[in-house]
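Report on the structure given below.
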Amino acid sequence: MRLTRWPLVVAAIAVAVAPSATAGAASATKPKLVSVADFFFGPDQVTIKKGGAVKWVWASTNTYPHDVHLKQGPKALKQKGSYSTKTTAVTNARFTRIFETPGTYRFICTIHPTQMKLTLTVLKGGG
Ligand SMILES: [Cu+2]
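Read the sequence shown against numbering that gives the first Met the number 0 and you will find it ends at 126, with the numbers running on by one and no gaps.
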């Protein structure tokens, strides 16, 4: 017997992918993912609402160390130091922060400060 199972597999994938079209409403509670890669943050522009989160994920293909460092944040921001990793990693690292202070945040990798930049905009509208 050489029955191929491909048609079944394709149908299963189509069903699994379909619900994502309606996932927009739930995305506010999920962190925005930012890849920390050789040598960029992807994406390099992120917008979230107040109370939203960003999760940096170090790419598995990296061959150089990187960190996440808050270079500039809103004036009202407290404990600015808590928004930087303070250590570097090549792969297998995660860094998640919740942003309660609206404004513009500029992040860099301190090892590659001219190449790796990320601008995060936190909007006031929380409701
Ligand atoms: Cu870097």
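Glycine is no exception: its CB is placed at the ideal position from the N, C-alpha and C atoms.
Between the CA atoms of residue j and residue i - distance to the nearest angstrom
i: G80; j: H68; result: 9 Å
i: K123; j: F40; result: 24 Å
i: A22; j: A36; result: In this predicted model, A22 has a pLDDT of only 42, less than 50, meaning its place in the structure is not dependable enough to derive any value.
i: T90; j: K74; result: 32 Å
Candidates the options: closest to residue i by CA position
i: T28; options: F38, A36 and G50; result: G50
i: K65; options: A92, Q44 and A75; result: With the sequence shown as reference, residue 65 is identified as His, and Lys is not the correct amino acid for it. Among A92, Q44 and A75, the Cα nearest to that of H65 is on A92.
i: I110; options: P30, F38 and K31; result: F38
i: I47; options: L32, A58, T60 and W57; result: L32
Beta bridge counterpart(s) of residue i as assigned by DSSP
i: I97; result: A52
Chain D within 9 Å of residue i, Cβ atoms only
i: L32; result: Going by chain labels, chain D is absent from the structure shown, which holds only one protein chain.
Where residue i falls, given that 16 or more other Cβ within 10 Å makes a residue buried
i: T84; result: buried
i: A20; result: Confidence at A20 is low in this model, with a pLDDT of 40, below 50, so its placement is unreliable and no value can be given for it.
Ligand 3 heavy atom lying under 8 Å from the CB of residue i
i: D43; result: Questions concerning ligand 3 fall outside what the structure shown contains, since the ligands it does hold are ligand 1.
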